[in-house]
Amino acid sequence: MPTIMAEAKEKGIAMEYVEPGVGIANCLGPPVCKYLKYHRKLNDYVRNFGRIRDELNCKMKDIELQLKAELLSPRGTIPKQGVENWLKDAKEMIAEAQDVENKVSNGRYLCRAWNGKLVDEKTREMKEFLDKAPNASEALAMDGPSGGLPLPTSELVGEEAARKEIWACLMQEEVKKIGVWGMGGVGKTTIMKHIHNDLLKEQRFERVIWVTISKEFNVMKVQDDTASALKLKEDLAMEGDKLRRAAILSEMLKKVGKHVLILDDVWDEVSLEEVGIPEPSDSNGCKLVLTTRSEHVCKYMGCMVIKVKSLSEQQALTLFLSKVGPNIVQNQTLMPILRLVVEECAGLPLTIVVVAGTFKGEEDPLIGKNALRELKERIEKVEGVEAKRQQKGSLNNEKRGTPEVTLLIIILLQCRTSAAAYCLSNQHNLQLTSLSLNITRKLPTESSSRHYLRISASLQSLLKCDVALQSMHPKRDRQTDPRAHGIRSASLVGCQPS
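Counting from 1, position 365 in the sequence shown corresponds to residue 365 in UniProt numbering; the numbering is continuous, with no gaps.
Rendered as structure tokens:
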């Protein structure tokens, strides 16, 4: 620029005209040169842009795979906050890079300089972002809140009302203990599994602890199971005294902090003090939830009482039909029989699912009718059935001991196709089998033995029936054929003398 000024002076050009031009040139020179560079080397900028973009994409996928592998470990880990944020930003940046690429590919020749500038700036931004990527040599996940692991669950059918009521009580600070009661098989445990998993997601409590009590209550077993749920069983294993074990467990639970303890399948009153469970209070913020078949247990333990009701007729039928398969649902001949079978299931989801399983693939109305008749005959022998019918309950598992009704239906359904006509003609044998399934347990020892001999004889008759069928169908394997297997199962499982 000094040279230009000197030449202008020699030629007598007034400096007031030269100086503004020089100033403009000083301002525009470098930017113009830079834009010319963007224009000429656009292809080079685009190639570098694509390389950095691909590198970022690969880095993001590598981190996602490593994080996924770490989260699959059984330690209950969660992603580090910085890793989650980086992955989120990486996805946004890759999307922005795609927009830039689209603009460049659709740009006109005269826009090359502007596109070159855009590509260069986005490339620099991606490069800086890559430098801040999480270190793959370090853990991308960390131990999450020790709330526990989700429990496997089945679909809830018609139990949403009870679920919402239980959840509402858990969210109320004034409610410390909740008792969930209802008939066996009505869905109490299923509901509480869903509640357990929801509590883990909510993270209102530091820990959600699940302990199954069962009918054979044992203080030391409950203590062991609770400590095991806390992953502290070793700390309790060396102590043999119940009182000291209770003191140790109590300290364990206090150290856990604010928690929900779920005691599933409680049959009788449980002394929290004897086990070592601290009483829920305002100071510790803990909650206790128990499931039981007895309303009395809920009241005795000072719980907010919530009853889980059986399914309505429509809900029960919907559940049943969803389990038997499309062929049965489309068979209008069977529908009246199936409705009656569902009615006998008393709206109990567990019973409905088990019984529906025995009807899968069976389309013979004769089999269904005989199954229903035997089902009703068996129900009439159950102790307290009249009281149950007043509650629309006739298949209460707690009064049966074993699923004899289901076993009987299996026998009937497995005597199908070519065997159906022959086996069902021996209704006397099947009726004796039906009566044996529960009455044998209620007879005195001597009578029970005599009854067992009679029933065994009738079952042997059914097995002879199977021999006859074998002669008609020589290719059928007696060891694997389901018709014979069902009869043999009854003789082994259902008719043993008590």
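Glycine is no exception: its CB is placed at the ideal position from the N, C-alpha and C atoms.
Counterpart residues of residue i in DSSP-defined beta bridges
i	result
residue 500	Limits of the chain in this structure are 1 at one end and 498 at the other, which puts residue 500 out of reach.
valine 180	Thr291, Ile306
alanine 141	Pro79
isoleucine 277	Paired residue(s): none; isoleucine 277 is not in a bridge.
histidine 296	The partner list for histidine 296 (beta bridge, DSSP) is empty, contrary to what the question assumes.
leucine 261	Ile209, Leu288
From the options, residue whose alpha carbon lies closest to that of residue i
i	options	result
alanine 246	Lys103, Glu279, Glu121, Gln314	Glu279
leucine 261	Gly179, Glu313, Asp241	Gly179
isoleucine 52	Ala356, Glu121, Leu199	Glu121
glutamate 92	Lys103, Leu56, Thr292, Val266	Leu56
serine 214	Lys164, Asp268, Glu101, Leu130	Asp268
isoleucine 209	Ser105, Thr153, Leu149, Thr333	Leu149
methionine 142	Glu295, Ala69, Lys201	Ala69
glutamate 101	Asn115, Asp89, Lys88	Asn115
serine 271	Leu130, Glu251, Leu243	Leu243
isoleucine 94	Lys254, Lys61, Asp198	Lys61
leucine 130	Leu87, Arg293, Gln315	Leu87
lysine 221	Leu65, Asp241, Asn106	Asp241
aspartate 198	Val46, Thr153, Val297	Thr153
glycine 257	Pro336, Ser137, Lys287	Lys287
methionine 304	Asn106, Cys169, Asp89, Glu155	Cys169
lysine 41	Lys117, Asp89, Asn106, Ser105	Lys117
cysteine 345	Met183, Leu151, Glu239	Met183
asparagine 43	Asn85, Ala90, Ser105, Gln315	Ser105
glutamate 155	Gln315, Gln81, Arg293, Phe217	Gln315
glutamate 173	Ile337, Lys255, Arg293, Ser283	Ser283
alanine 136	Leu67, Met301, Val297, Gln81	Leu67
glutamate 202	Glu273, Gly302, Met171	Met171
Terminal residues of the alpha helix (DSSP H) in which residue i lies
i	result
glycine 82	81-106
isoleucine 191	188-202
residue 507	For residue 507 there is no data in the structure shown, the boundaries of the chain being 1 and 498.
methionine 60	42-71
aspartate 131	112-131
glutamate 239	Where glutamate 239 is concerned, there is no enclosing alpha helix (DSSP H), given that its DSSP letter is neither H nor E.
cysteine 169	160-171
asparagine 327	326-329
aspartate 225	219-229
threonine 153	Neither: threonine 153 is in no alpha helix (DSSP H) and is coded neither H nor E.
alanine 356	349-359
Bounding residues of the beta strand (DSSP E) (the contiguous stretch that carries residue i)
i	result
threonine 291	287-292
threonine 212	207-212
Contacts around residue i, its chain only, beta-carbon distance under 8 Å, and the 5 residues preceding and following it disregarded
i	result
isoleucine 166	Ile178, Val180, Ile191, Met192, Ile195, Val289, Ile306
lysine 323	Ile352, Val353, Ala356, Gly357, Lys360
leucine 249	Gln223, Thr226, Ala227, Leu236, Val275, Gly276, Ile277
glutamate 313	Val342, Glu343, Gly347
serine 281	Lys176
leucine 71	Thr77, Ile78, Pro79, Ala141
threonine 189	Asp264, Asp265, Thr291
glutamate 64	Leu87
histidine 259	Phe205, Glu206, Arg207, Val208, Ile209, Leu253, Cys286, Lys287
aspartate 89	Phe129
lysine 299	Gly179, Val305
arginine 163	Leu156, Ile191, His194, Ile195
arginine 339	Leu317
Close Cβ partners of residue i (< 7 Å) along its chain, the five nearest in sequence each way excluded
i	result
aspartate 224	Lys233, Leu236
glutamate 446	Confidence at glutamate 446 is low in this model, with a pLDDT of 43, below 50, so its placement is unreliable and the value that follows should be read with caution. Once the five neighbours on either side are set aside, glutamate 446 has no close Cβ partner at all.
methionine 126	Ile52, Arg53, Leu56, Met93, Ala97
threonine 406	Its pLDDT being 44, under 50, threonine 406 is placed unreliably by the model, and nothing is read from it.
leucine 151	Lys193, His196, Asn197, Trp210
valine 46	Val104, Val119
glutamate 239	Arg245, Ile248
alanine 25	At alanine 25 the pLDDT is 42, less than 50, meaning the model places this residue with poor confidence and gives no usable figure here.
Cβ-based neighbour list, residue i, same chain, cut-off 6 Å, excluding 5 preceding and 5 following
i	result
alanine 133	Lys59
phenylalanine 49	Val119, Thr123
valine 83	Pro134, Leu140
arginine 204	none
methionine 252	Leu230, Leu232
valine 186	Val308, Ser310, Leu348
glutamate 295	Trp181
Cβ of residue i within 8 Å of any chain D Cβ
i	result
isoleucine 195	As a matter of chain content, chain D is missing from the structure shown, which is built from one protein chain.
beta-carbon residue i near the ligand FMN non-hydrogen atom, thresh 7 Å
i	result
aspartate 265	For the structure depicted, the ligand FMN is absent and the ligand set is empty, with no information on it obtainable.
Does the pairing of the segment 301-312 with the segment 157-174 give three or more beta-carbon distances under 8 Å?
-> yes
Per the contact definition of three or more C-beta pairs closer than 8 Å, is the segment 316-326 in contact with the segment 335-349?
-> yes
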